[in-house]
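Remarks on the structure that follows.
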Amino acid sequence: QQQQQQQQRRHYEELAHKSGFSTEQIKNLHKRFRQLSGNKETISRANLDSIPALANNPIKKQIIDAFFDKRNQRQDDEVGSLEEIGLEQFLMVMSHFRPPAHKSGEEERQAARRQKLRFLFNMHDTDGDGIITLVEYRKELLSKSGAIGHQAAKAIADAAMLEVASTNAPHMAPDDFYEGITFEHFQQILKGLEMESRMHIRFLDVDTTTMRCGKATS
Ligand SMILES: [Ca+2]
């Protein structure tokens with residue numbers, strides 16, 4: 026048993042190195058992983074689909090997709106979707122929300138922020154071509170339009186996109202075609218938002234500021 030524990034510890038240390046989490050955080054996240062997977066080696070879409078906390082989330086589909094999105098594995102920018110994810114892949118996705126270390130410098134903070142924005146951007150850029158188009162944005166609004174109705178959702182999407190277009194591409198000639206939001210635009214749009222403290226994801230009952238599961242105890 027001692028040998029097993031040692032093996033576990035080494036495994037956690039390796040994962041800590043890859044993901045940037047502490048071994049303590051990994052222990053917590055591994056616990057959550059086991060809950061989500063039903064004590065299996067991998068998590069499937071069906072596992073996440075049945076999380077009660079996600080049931081009424083308007084962007085449930087996008088959240089689940091993000092977990093299986095290859096772009097969020099940090100290895101390359103390969104576009105595509107995984108069928109299932111193991112613990113390491115789960116950690117890599119969660120690491121986008123890792124709180125910056127207390128002593129991290131400005132450069133590190135900027136990099137962390139960029140990473141989170143990229144994650145959000147990818148959630149909207151569903152085909153992975155680097156641009157959030159009106160069509161993608163419409164589709165997203167339509168998928169959660171239930172109460173407001175499709176026509177209204179479509180109108181909202183168009184109006185929002187137009188506003189983005191006018192504030193981000195003010196020097197366009199009238200005949201220029203507005204393709205959509207690039208990552209650079211996206212960063213501009215969200216410039217004022219303080220991500221570090223606000224961007225929590227509570228959908229897995231994991232408080233991302235501490236990476237602890239369940240209700241905050243502090
Ligand atoms: Ca796109």
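The sequence shown begins at 26 in the numbering used here and counts up one residue at a time. For each residue, glycine too, the CB sits at the ideal point set by N, CA and C. This one's a predicted model, so the numbers in the text were calculated from it and none came from an experiment.
- Sorting Ser47, Ser62, Leu159 and Glu209 by C-alpha distance to the C-alpha of Glu109 places Ser62 at the top.
- Residue burial is scored here from C-beta neighbours: Ser120 has at least 16 other C-beta atoms within 10 angstroms and is therefore classed as buried.
- The closest heavy atom of ligand 1 lies 7 Å or more from the beta carbon of Thr207.
- Straight-line measurement puts the Cα of Ala136 at about 16 Å from the Cα of Val118.
- Per the coordinates, the alpha-carbon of Lys85 lies some 22 Å from the alpha-carbon of His55.
- CA-CA distance, Glu131 to Gln26, rounds to 44 Å.
- For Ile214, the Cβ stays outside the 7 Å cut-off from all heavy atoms of ligand 1.
- Between Asn147 and Asp74 a beta carbon distance of about 20 Å is seen, past the 8 Å cut, so the two are scored as non-contacting.
- A distance criterion of 7 Å places the beta-carbon of Ile157 in contact range of ligand 1, judged by its closest non-hydrogen atom.
- At a Cβ-Cβ threshold of 8 Å, Gln114 and Leu107 count as neighbours.
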